[in-house]
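Colleague: Have a look at this one.
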Amino acid sequence: MVLLPSNCACDHTHGLYSSPSIRVSFRRQQFQRVSLTIFTPECQKIMSSAGTRVAVVTGSNKGIGYAAVMELCAKFDGTVYLTSRDEGRGRKAMEELEKLGLHPSYHQLDIDDESSVLKLRDFLVDTHGGLDVLVNNAAIIFPMMTPKEEFVESIRKTIDTNFYHTMRACKILFPILRPHARVVHLTSDDGHLLKISGREPEAVALRQRFCAPDLTEPELCQLMEEFIEAAKNGDYYERGWPDSVKEREDTWPNEGYIVSKVGISALTRIHQRQFDQDPREDLTVNCVHPGYVVTDATYQKGEKTIQEGAEAACWLAMQPPSSSANNVPKGAYVWHDKQLVDWVNGPLPSIY
Ligand code: NDP
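In the working numbering, the protein residues as written are 455 to 806.
Next up, the structure:
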């Protein structure tokens, strides 16, 4: 039985009921079976423009995100959005790409600002009816030698942007993903589970919690909060969290970055489990380590160009519809050479 609100209009000729918030259509078929389809206005929009595919790359005014926009402009069959938290920096990047003969579209997006993500979602629904590719590239990095008095604050900020705000952007944008959508999270070699390498046996206990097959988002957030608390207390190594100052260069990211990226890798597995239960067909999400890439984040050090750094992310973003004839990666931790790496046990294929 379907209950219709009293403000529904009924059109018997076309078998159509409509109200400001729902639309119900039915067809009487041969054997007197009645099929009913309920469309919310949002669903209608998402389905109505299924022909135009749309890709969004977060934090794409420079670095790997910028190169991902270049690659998608060249190879993705649809509209590609370059986004930036600062509109001026975004427009400048757009001009550079125009000069190269590439024509992305632009939208402002600051993942730290919830209203900015909501605006983008509403814009995408109104303009395109949905989203087909989401590359979560935006992130911040504080160096290893962050002054002691700024250390805890740097950790909080890093976990907020890289983990919590990426997760929030997904919560806002996932409902408008269309069937066969491809989501890619930029992680890092630092996002491998084995990077939780503090004192044993505490570290192994943390790793077991991170890789629990039924790990939930609240449990993952709890792990992030425990790390922040340990950073405040200064006993994070003793509690199993990484502390590799002595082994690393002074420009490398601090532990906040490592834990935020391990969080993103763990979130990828949770997201894929959610997608597997989703009525929309064939949604996939993977996380990718782009390699050691020459960008501002690495103080222009590195081994790869931004184009090389964006290659695996774009490969994942443009995976074809899944079928029995192909092996589309799902919920995987992917190396820059496109190898699927065992996130729980390793080994890592190379240092970076
Ligand atoms: P960059 O620092 O060069 O670029 C980061 C981009 O993210 C910038 O466009 C920056 O904008 C943007 N950004 C930062 N915060 C926000 C925010 N709140 N909302 C929206 N955009 C934001 O970094 P890379 O290109 O090197 O890194 C890209 C991704 O790859 C990151 O996720 C990083 O962790 C990962 N990665 C990079 C490696 C490397 O070797 N470069 C290695 C491993 C992983 P703005 O210009 O305004 O600051």
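Every residue, glycine too, gets a C-beta built ideally from N, C-alpha and C.
1) Between Lys529 and the rest of its own chain, which residues show a CB-CB distance below 8 Å, the 5 nearest in sequence each way excluded?
2) Taking only runs that begin and end inside the segment 556-614, name each unbroken beta strand (DSSP E) of 3 or more residues, in chain order.
3) Nearer than 7 Å: is that true of the beta carbon of Gln732 relative to any heavy atom of ligand 1?
4) Report the three-state DSSP secondary structure of Cys741 (helix, strand or coil).
5) Whole-angstrom Cβ separation of Ala509 and Val587, contact assumed at under 8 Å?
6) Go to His725, then tell me how far its alpha helix (DSSP H) extends in each direction, as first and last residue.
7) Give the straight-line distance between the Cα atoms of Thr620 and Asn590, rounded to the nearest whole angstrom.
8) Cα separation between Glu762 and Val747?
9) Tell me where the alpha helix (DSSP H) around Leu647 begins and ends.
10) What is the residue span of the alpha helix (DSSP H) that Pro672 lies within?
11) Can you tell which of Pro633, Tyr711 and Leu578 has the C-alpha that lies nearest to the C-alpha of Leu640?
12) Pick helix, strand or coil for Pro803, following the three-state DSSP scheme.
13) Based on DSSP bridge pairs, tell me the residues matched to Ala509.
14) Could you check whether the Cβ of Gly756 sits closer than 7 Å to any heavy atom belonging to ligand 1?
15) Starting from Thr638, trace the beta strand (DSSP E) in both directions and tell me its first and last residue.
16) According to the neighbour-count rule (16 or more other Cβ atoms, all chains shown, within 10 Å of its Cβ), is Tyr753 buried or exposed?
17) Just to check my reading of the structure: Leu669 and Ala720 have Cβ atoms closer than 8 Å, yes? What is that Cβ distance to the nearest angstrom?
18) DSSP three-state label for Val748, please.
19) Quick one: using the 10 Å Cβ neighbour count with 16 as the cut-off for buried, is Ala547 buried or exposed?
20) Does DSSP classify Val795 as helix, strand or coil?
21) Could you spell out the range, first to last residue, of the alpha helix (DSSP H) harbouring Gln662?
22) Using three-state DSSP, classify Lys516 as helix, strand or coil.
23) Can you round the beta-carbon distance between Thr738 and Phe729 to whole angstroms, since I take them to be within the 8 Å contact cut?
24) Do you know offhand how far Tyr691's Cα is from Arg653's?
25) For the alpha helix (DSSP H) containing Gln754, list its first residue and its last residue.
26) Grab the span of the alpha helix (DSSP H) containing Gly763 for me, first residue to last.
27) For a quick check, are the C-beta atoms of Glu770 and Val788 less than 8 Å apart?
28) Would you mind giving the Cβ-Cβ distance between Asn780 and Pro774, rounded to the nearest angstrom? I have them listed as a contact below 8 Å.
29) With burial defined as no fewer than 16 other Cβ atoms inside 10 Å of the residue's Cβ, what is the status of Val807: buried or exposed?
30) Identify the continuous alpha helix (DSSP H) that holds Leu551 and give its terminal residues.
31) Over what stretch of residues does the alpha helix (DSSP H) that includes Lys625 continue unbroken?
32) For Arg543 and Glu757, I'd like the C-alpha separation in whole angstroms.
33) Tell me which residues share the same chain as Gln498 and place their Cβ nearer than 6 Å to its Cβ, disregarding the 5 neighbours each side in the sequence.
34) Just list the residues that DSSP pairs Val788 with in beta bridges.
35) Do the CB positions of Thr512 and Ala592 come within less than 8 Å of each other?
36) Alpha carbon to alpha carbon, how far is Asp644 from Gly688?
Modeller: On the basis of the supplied data:
1) Once the five neighbours on either side are set aside, the close Cβ partners of Lys529 are Cys768 and Met772.
2) The qualifying runs are 559-562 and 585-590.
3) Checking the sequence, you will find Asp at residue 732 rather than Gln. Answer for Asp732: no, Cβ out of range of ligand 1.
4) DSSP places Cys741 in strand when its eight states are reduced to three.
5) Confirmed, about 4 Å.
6) Start and end: Glu709 to Asp730.
7) In a straight line, the C-alpha of Thr620 is about 7 Å away from that of Asn590.
8) The alpha-carbon atoms of Glu762 and Val747 are separated by roughly 8 Å.
9) Going by DSSP, Leu647 is part of no alpha helix (DSSP H) at all; its letter is neither H nor E.
10) Start and end: Glu671 to Asn687.
11) Of the candidates Pro633, Tyr711 and Leu578, Tyr711 places its Cα closest to the Cα of Leu640.
12) In the structure shown, Pro803 sits in coil (DSSP, three-state: anything other than H, G, I, E or B).
13) Answer is Val534 and Val587, bridged to Ala509.
14) Remark: the shortest separation between the CB of Gly756 and any heavy atom of ligand 1 falls under 7 Å.
15) Note on identity: in this sequence residue 638 is Val, with Thr being the wrong assignment. For Val638, the enclosing beta strand (DSSP E) stretches over residues Leu631 to Leu640.
16) That one is exposed.
17) Correct: roughly 6 Å between the Cβ atoms.
18) In the structure shown, Val748 sits in coil (DSSP, three-state: anything other than H, G, I, E or B).
19) By the 10 Å Cβ count, Ala547 comes out buried.
20) In the structure shown, the three-state DSSP call for Val795 is strand.
21) Where Gln662 is concerned, the enclosing alpha helix (DSSP H) starts and stops at Glu656 to Phe664.
22) Coil, per DSSP.
23) In this structure Thr738 is in contact with Phe729, their Cβ atoms being roughly 7 Å apart against a cut-off of 8 Å.
24) Here the alpha carbon of Tyr691 sits roughly 6 Å from the alpha carbon of Arg653.
25) Looking at the DSSP string, Gln754 is not in any alpha helix (DSSP H), and its letter there is neither H nor E.
26) Segment Ile760 to Ala771, the alpha helix (DSSP H) holding Gly763.
27) Strictly speaking, residue 770 in this sequence is Leu, with Glu absent from that position. Going by C-beta atoms, Leu770 is nearer than 8 Å to Val788.
28) Between the beta-carbon of Asn780 and that of Pro774 there is about 6 Å, and that keeps the pair under the 8 Å contact cut.
29) Lying before the first or after the last residue shown, residue 807 is absent from the chain, which here runs from 455 to 806.
30) In this chain, the alpha helix (DSSP H) harbouring Leu551 covers Glu541 to Lys553.
31) For Lys625, the uninterrupted alpha helix (DSSP H) run begins and ends at Thr620 to Leu627, by DSSP.
32) Their Cα atoms are separated by approximately 25 Å.
33) With a pLDDT of 47 at Gln498, under the threshold of 50, the modelled position of that residue is not reliable, and the figure given next carries that caveat. If you ignore the 5 residues before and after Gln498, its C-beta comes within less than 6 Å of no other C-beta in its own chain.
34) Note: Val788 sits in a beta bridge opposite Val742 and Leu794.
35) In this structure, Thr512 sits near Ala592, with a CB-CB distance shorter than 8 Å.
36) Between the alpha carbons of Asp644 and Gly688 lies a distance of about 21 Å.
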